[in-house]
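Peer 1:
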Amino acid sequence: MVYRLQCDSCALEREHADWADANRAARDHEAAYGDHWVRIVDLQEA
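Shown next, in the form of structure tokens:
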């Protein structure tokens, strides 16, 4: 499956091949930028 990260406060838009990597990247981005919220979109369901 492919997952896309989308941030509500910046131009972050990345794709990851598995959920664990996407979740880790989203968590790291939110930790680095406390006022950003990252959404993980499953591209097969979208």
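Counted the way my numbering counts, the sequence shown spans residues 2 to 47. Virtual Cβ for every residue (Gly too), placed ideally from N, Cα, C.
According to the neighbour-count rule (16 or more other Cβ atoms, all chains shown, within 10 Å of its Cβ), is A12 buried or exposed?
Peer 2: Indexing the sequence shown from 1 puts residue 12 at position 11. Looking at its Cβ environment, which holds fewer than 16 other Cβ atoms inside 10 Å, A12 is exposed.
Peer 1: Which residues bound the alpha helix (DSSP H) around E46?
Peer 2: Within the sequence shown, residue 46 is the residue found at index 45, counting from 1. First-last for E46: undefined, no H or E at that position.
Peer 1: Let me check one thing: in DSSP terms, what residues is H17 bridge-paired to?
Peer 2: Taking the first residue of the sequence shown as 1, we reach residue 17 at position 16. BP columns for H17 point to Y4.
Peer 1: Have a look at the DSSP bridge pairing and note the partners of R40.
Peer 2: What you label residue 40 is simply residue 39 of the sequence shown in a count that begins at 1. Partner(s): Q7.
Peer 1: Assuming contact is defined by CB atoms lying nearer than 8 angstroms, are A23 and L44 in contact in what I supplied?
Peer 2: Translated into positions along the sequence shown, residue 23 becomes position 22. Translated into positions along the sequence shown, residue 44 becomes position 43. Result no, Cβ atoms of A23 and L44 do not sit closer than 8 angstroms.
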